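Protein chains in written order, with my numbering: chain A, 1 to 96; chain B, 1 to 96; chain C, 1 to 96; chain D, 1 to 96; chain E, 1 to 96; chain F, 1 to 96; chain G, 1 to 96; chain H, 1 to 96; chain I, 1 to 96; chain J, 1 to 96. We treat Cβ as the ideally placed atom computed from N, Cα and C, and that holds for glycine. Nothing here was measured: the structure is a model prediction, and the numbers come from that model. Working notes, structure below.
There are 10 protein chains.
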Amino acid sequence: MLFKVEMDVNVPLDYDPEKFDELKKAEKARFQELQKAGTWRHIWRVVGQYSNVSIFDVTDNSELHDILMSLPLYPFMDVRVTALCRHPSSLYEDDR
Amino acid sequence: MLFKVEMDVNVPLDYDPEKFDELKKAEKARFQELQKAGTWRHIWRVVGQYSNVSIFDVTDNSELHDILMSLPLYPFMDVRVTALCRHPSSLYEDDR
Amino acid sequence: MLFKVEMDVNVPLDYDPEKFDELKKAEKARFQELQKAGTWRHIWRVVGQYSNVSIFDVTDNSELHDILMSLPLYPFMDVRVTALCRHPSSLYEDDR
Amino acid sequence: MLFKVEMDVNVPLDYDPEKFDELKKAEKARFQELQKAGTWRHIWRVVGQYSNVSIFDVTDNSELHDILMSLPLYPFMDVRVTALCRHPSSLYEDDR
Amino acid sequence: MLFKVEMDVNVPLDYDPEKFDELKKAEKARFQELQKAGTWRHIWRVVGQYSNVSIFDVTDNSELHDILMSLPLYPFMDVRVTALCRHPSSLYEDDR
Amino acid sequence: MLFKVEMDVNVPLDYDPEKFDELKKAEKARFQELQKAGTWRHIWRVVGQYSNVSIFDVTDNSELHDILMSLPLYPFMDVRVTALCRHPSSLYEDDR
Amino acid sequence: MLFKVEMDVNVPLDYDPEKFDELKKAEKARFQELQKAGTWRHIWRVVGQYSNVSIFDVTDNSELHDILMSLPLYPFMDVRVTALCRHPSSLYEDDR
Amino acid sequence: MLFKVEMDVNVPLDYDPEKFDELKKAEKARFQELQKAGTWRHIWRVVGQYSNVSIFDVTDNSELHDILMSLPLYPFMDVRVTALCRHPSSLYEDDR
Amino acid sequence: MLFKVEMDVNVPLDYDPEKFDELKKAEKARFQELQKAGTWRHIWRVVGQYSNVSIFDVTDNSELHDILMSLPLYPFMDVRVTALCRHPSSLYEDDR
Amino acid sequence: MLFKVEMDVNVPLDYDPEKFDELKKAEKARFQELQKAGTWRHIWRVVGQYSNVSIFDVTDNSELHDILMSLPLYPFMDVRVTALCRHPSSLYEDDR
Numbered sequence: 001m002l003f004k005v006e007m008d009v010n011v012p013l014d015y016d017p018e019k020f021d022e023l024k025k026a027e028k029a030r031f032q033e034l035q036k037a038g039t040w041r042h043i044w045r046v047v048g049q050y051s052n053v054s055i056f057d058v059t060d061n062s063e064l065h066d067i068l069m070s071l072p073l074y075p076f077m078d079v080r081v082t083a084l085c086r087h088p089s090s091l092y093e094d095d096r
Numbered sequence: 001m002l003f004k005v006e007m008d009v010n011v012p013l014d015y016d017p018e019k020f021d022e023l024k025k026a027e028k029a030r031f032q033e034l035q036k037a038g039t040w041r042h043i044w045r046v047v048g049q050y051s052n053v054s055i056f057d058v059t060d061n062s063e064l065h066d067i068l069m070s071l072p073l074y075p076f077m078d079v080r081v082t083a084l085c086r087h088p089s090s091l092y093e094d095d096r
Numbered sequence: 001m002l003f004k005v006e007m008d009v010n011v012p013l014d015y016d017p018e019k020f021d022e023l024k025k026a027e028k029a030r031f032q033e034l035q036k037a038g039t040w041r042h043i044w045r046v047v048g049q050y051s052n053v054s055i056f057d058v059t060d061n062s063e064l065h066d067i068l069m070s071l072p073l074y075p076f077m078d079v080r081v082t083a084l085c086r087h088p089s090s091l092y093e094d095d096r
Numbered sequence: 001m002l003f004k005v006e007m008d009v010n011v012p013l014d015y016d017p018e019k020f021d022e023l024k025k026a027e028k029a030r031f032q033e034l035q036k037a038g039t040w041r042h043i044w045r046v047v048g049q050y051s052n053v054s055i056f057d058v059t060d061n062s063e064l065h066d067i068l069m070s071l072p073l074y075p076f077m078d079v080r081v082t083a084l085c086r087h088p089s090s091l092y093e094d095d096r
Numbered sequence: 001m002l003f004k005v006e007m008d009v010n011v012p013l014d015y016d017p018e019k020f021d022e023l024k025k026a027e028k029a030r031f032q033e034l035q036k037a038g039t040w041r042h043i044w045r046v047v048g049q050y051s052n053v054s055i056f057d058v059t060d061n062s063e064l065h066d067i068l069m070s071l072p073l074y075p076f077m078d079v080r081v082t083a084l085c086r087h088p089s090s091l092y093e094d095d096r
Numbered sequence: 001m002l003f004k005v006e007m008d009v010n011v012p013l014d015y016d017p018e019k020f021d022e023l024k025k026a027e028k029a030r031f032q033e034l035q036k037a038g039t040w041r042h043i044w045r046v047v048g049q050y051s052n053v054s055i056f057d058v059t060d061n062s063e064l065h066d067i068l069m070s071l072p073l074y075p076f077m078d079v080r081v082t083a084l085c086r087h088p089s090s091l092y093e094d095d096r
Numbered sequence: 001m002l003f004k005v006e007m008d009v010n011v012p013l014d015y016d017p018e019k020f021d022e023l024k025k026a027e028k029a030r031f032q033e034l035q036k037a038g039t040w041r042h043i044w045r046v047v048g049q050y051s052n053v054s055i056f057d058v059t060d061n062s063e064l065h066d067i068l069m070s071l072p073l074y075p076f077m078d079v080r081v082t083a084l085c086r087h088p089s090s091l092y093e094d095d096r
Numbered sequence: 001m002l003f004k005v006e007m008d009v010n011v012p013l014d015y016d017p018e019k020f021d022e023l024k025k026a027e028k029a030r031f032q033e034l035q036k037a038g039t040w041r042h043i044w045r046v047v048g049q050y051s052n053v054s055i056f057d058v059t060d061n062s063e064l065h066d067i068l069m070s071l072p073l074y075p076f077m078d079v080r081v082t083a084l085c086r087h088p089s090s091l092y093e094d095d096r
Numbered sequence: 001m002l003f004k005v006e007m008d009v010n011v012p013l014d015y016d017p018e019k020f021d022e023l024k025k026a027e028k029a030r031f032q033e034l035q036k037a038g039t040w041r042h043i044w045r046v047v048g049q050y051s052n053v054s055i056f057d058v059t060d061n062s063e064l065h066d067i068l069m070s071l072p073l074y075p076f077m078d079v080r081v082t083a084l085c086r087h088p089s090s091l092y093e094d095d096r
Numbered sequence: 001m002l003f004k005v006e007m008d009v010n011v012p013l014d015y016d017p018e019k020f021d022e023l024k025k026a027e028k029a030r031f032q033e034l035q036k037a038g039t040w041r042h043i044w045r046v047v048g049q050y051s052n053v054s055i056f057d058v059t060d061n062s063e064l065h066d067i068l069m070s071l072p073l074y075p076f077m078d079v080r081v082t083a084l085c086r087h088p089s090s091l092y093e094d095d096r
């Protein structure tokens with residue numbers, strides 16, 4: 001089941017850069033784990049923004065909620081969630 | 001080069017349904033042509049809306065503009081375009 | 001799986017009242033069918049508006065999309081969909 | 001008498017986590033008290049947000065105001081209140 | 001129980017003026033009935049707008065909903081409803 | 001001459017509570033003075049908000065400005081001012 | 001007593017141009033009458049818009065309301081009203 | 001050449017009042033200099049706000065930019081600039 | 001003197017295409033005349049929109065107003081005007 | 001390939017002015033390097049704002065993203081990116 005998730009990251013000007021770098025490393029590791037698993041199916045950078053557009057493939061709403069809330073950078077994020085489904089005009093049977 | 005394109009389709013209540021069906025067929029044909037070519041890389045339906053979230057892979061801005069403006073349903077659409085690029089945390093070298 | 005769906009109904013001033021009454025009857029019948037089935041779990045009227053706040057319980061995103069798009073009054077509606085899940089503080093194991 | 005109340009919780013990045021945990025415990029206790037009493041009739045988590053959608057059943061506006069203003073986490077919340085009533089199409093006589 | 005209700009009236013340029021005058025007369029009659037009863041406790045015109053700010057005193061949410069939906073000019077209105085209660089600093093025991 | 005004034009009070013989480021309590025006492029005293037004088041004709045609490053809806057009766061714009069700017073809690077407020085006048089449908093000659 | 005009034009004029013594409021020209025003439029005549037009287041103290045065109053920024057000098061809110069509602073082009077206008085007063089830094093005693 | 005400039009002044013609750021008073025004095029002196037010169041042609045206070053509505057008469061865009069950016073209170077301001085011109089209905093040849 | 005002007009063109013679905021084509025031809029001719037003169041210094045298409053971003057070089061506000069209001073497609077346009085000036089970091093003395 | 005980029009710079013009132021001046025110098029140096037290269041094709045100051053309107057000429061989305069994210073003042077900026085292309089009415093073959 002697919003969701004578009006858009007995340008904007010806001011870092012206060014005076015936030016400790018070392019502490020933030022550690023969070024970023026943790027975020028990257030967690031992201032790659034989910035990418036490998038196919039749960040974080042797509043991620044793209046928005047040009048000129050510290051933001052991404054992502055597509056998640058999850059079993060249900062709760063799984064998505066638990067993943068997002070436990071992201072290391074979640075406390076810095078504005079998050080927008082949109083439920084998606086397969087488009088009827090697609091040539092493919094699945095929701096790729 | 002990737003762009004997120006979000007399209008909302010608004011059909012006036014009194015629009016001739018046959019005329020609209022023809023336009024929808026033409027839209028579907030054009031979409032599938034672009035999907036096969038890999039230009040319209042992804043399309044998903046937004047739940048509860050006559051809207052889609054799409055990812056286009058084009059050579060440049062002009063190509064995207066020409067594709068969008070010539071869509072059979074374009075006169076019924078609100079369109080939002082966002083430039084994307086590969087996310088640096090991705091496990092993959094390409095922008096999948 | 002739960003979703004909050006908010007629907008605003010907009011009827012043009014000059015729309016044929018008989019035609020609209022028929023659509024309203026069909027809408028009511030369809031609603032009650034879904035209410036009985038437990039799919040349309042809750043519905044409340046918003047005070048002073050031709051709008052409702054609803055809670056849907058569906059198997060996945062596609063089921064919700066198909067239900068909403070086929071509502072007889074859908075062409076008159078603005079619809080906002082929000083994915084929900086069980087609140088961790090609830091006394092109950094389910095998502096009531 | 002029913003109201004939809006939507007609450008977003010905003011915690012400053014540098015807020016003392018222990019102090020916040022105490023407030024969260026107090027909030028949970030107060031919530032469960034009101035849930036048991038049937039006053040806080042429903043609560044759901046919004047996917048990807050530190051937010052909830054709630055339905056309150058109160059005697060009048062003042063009771064709702066007093067409940068909300070005395071929530072332990074109120075100073076961290078954005079709150080939106082919407083008056084609801086029974087939907088005329090419902091199969092049930094009450095406002096469930 | 002008090003509610004602030006704000007109403008904006010929008011009349012299409014080509015709406016039949018006689019038909020509208022009849023609706024306005026009906027609206028005025030209904031308003032005065034409710035004003036006499038103390039239900040429509042206050043009404044003020046917003047300067048430069050075909051809009052009013054009103055205070056309703058009703059038994060519950062349903063009563064307010066039924067009153068608003070049956071106003072003769074309701075189909076021309078945008079309506080915003082806000083639940084109010086007595087202010088704790090007031091010199092008076094009631095909610096005047 | 002009437003104005004609707006809507007005031008939202010925003011208190012920073014780390015503001016000294018004793019200092020704020022003193023300001024609140026001063027605000028209450030000033031409010032009651034103006035309420036007695038009939039200048040602050042009405043005040044209601046907005047349910048679930050640290051906000052009020054007020055009706056002021058003043059001689060001219062300057063009087064209203066001077067009153068608002070000198071409120072002890074003004075530095076914490078967002079204020080919205082709307083000019084009102086008697087509604088032509090009212091049963092009463094004055095603007096009550 | 002001064003008010004800033006901002007007016008945007010919206011003419012439907014298919015409105016009868018002769019009828020509109022008559023209304024414009026009536027509007028101009030009424031404006032010049034009020035300009036001569038000093039009531040419509042200033043008017044400026046907003047560059048690139050069929051809009052104006054105006055300053056009215058009236059005795060009270062009602063006078064302003066009556067003037068605006070009876071403007072020949074009022075049914076085509078969006079109007080925003082802002083109460084003004086003399087600025088304390090001004091070199092002049094009056095509110096010029 | 002005329003511009004409407006609207007300025008909102010936002011002073012942080014904890015800003016040093018003496019330092020701000022000095023800036024206010026400098027702002028007033030600069031304002032009066034420009035008022036005498038006819039450059040800051042009008043200024044009015046917005047009722048209930050720490051805001052003004054001003055009309056500037058400048059030779060070109062650069063002059064206006066340099067004036068605004070060098071105002072002593074500029075770092076505390078939100079500023080909105082709107083280009084104006086003489087209204088064709090005015091009785092006067094100039095843009096008063 | 002430079003201004004950024006952004007224009008969105010909205011054509012009603014049922015507007016006569018021949019009539020619109022004539023207006024488009026007139027618009028193009030007028031545009032090219034102004035482009036040759038250096039007044040309409042730049043124009044770019046916004047990708048995916050019937051909109052442009054333009055830079056005008058005019059003597060004063062009135063000239064810009066007169067040009068915009070007399071564009072053949074003006075009645076179909078939403079227009080946003082922003083006053084610009086030379087950027088102080090530019091390598092060049094002029095405002096290119 | 002062209003993009004309009006709009007940048008608003010927000011400097012906290014209490015930011016160290018010397019540190020900011022160094023960042024501004026670095027920003028200016030980087031800007032001039034990109035201006036010379038033709039990448040930052042245009043830059044204009046928005047009147048009355050610490051903001052600019054810029055036109056970038058880049059090979060692809062990634063190049064633009066990398067340039068923007070590495071600007072010395074980026075952490076202080078709100079940035080809006082809009083993809084542009086040659087306007088079909090232009091007299092010139094290129095996208096000047």
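Inter-residue spacing [alpha-carbon to alpha-carbon] between residue i and residue j
i: F:Y50; j: F:D8; result: 6 Å
i: B:V46; j: B:V53; result: 7 Å
i: G:D14; j: I:G48; result: 27 Å
i: C:E63; j: C:T39; result: 10 Å
i: A:L23; j: A:M77; result: 13 Å
i: J:A83; j: B:T82; result: 8 Å
i: F:F56; j: D:F56; result: 33 Å
i: H:F20; j: H:R41; result: 25 Å
i: D:P129; j: D:D16; result: Chain D is shown only over 1 to 96; residue 129 of chain D falls outside these bounds and no answer can be derived.
i: D:Y74; j: A:P75; result: 19 Å
i: E:D60; j: E:V5; result: 14 Å
Local Cβ density within 10 Å of residue i, reported as buried at 16 or more and exposed below that
i: F:D95; result: buried
i: B:L2; result: buried
C-beta neighbour in chain H for residue i, strict 7 Å
i: I:S97; result: The requested residue 97 of chain I is not part of the displayed model; chain I covers only 1 to 96.
Beta carbon proximity, residue i to chain E, threshold 7 Å
i: G:P75; result: yes
Chain F within 7 Å of residue i, Cβ atoms only
i: E:F20; result: no
is_contact[residue i, chain A] using C-beta, thresh 7 Å
i: B:K28; result: yes
Within-7 Å CB hit, residue i to chain B
i: C:L23; result: no
(request) Please name the residues in the region 35-58 of chain C whose beta-carbon is closer than 9 Å to at least one beta-carbon of chain E, in chain order. (result) Cβ contacts with chain E come from R45, V46, V47, G48, Q49, Y50.
(request) Check distances from the C-beta atoms of the region 79-91 of chain H to those of chain I and list, in chain order, the residues that come in under 9 Å. (result) V81, T82, A83, L84, C85, R86
(request) Check whether the region 24-37 of chain D touches the region 78-91 of chain C, taking contact to mean three or more Cβ pairs, one atom from each stretch, closer than 8 Å. (result) Output reads yes: the region 78-91 of chain C touches the region 24-37 of chain D.
(request) Please determine if the region 10-29 of chain F and the region 60-78 of chain E are in contact, where contact requires at least 3 C-beta pairs separated by less than 8 Å. (result) no
(request) Compile a chain-ordered list of the residues in the region 2-14 of chain A whose CB is closer than 7 Å to at least one CB of chain D. (result) Of all residues in the region 2-14 of chain A, V5, P12 have a Cβ within less than 7 Å of some Cβ in chain D.
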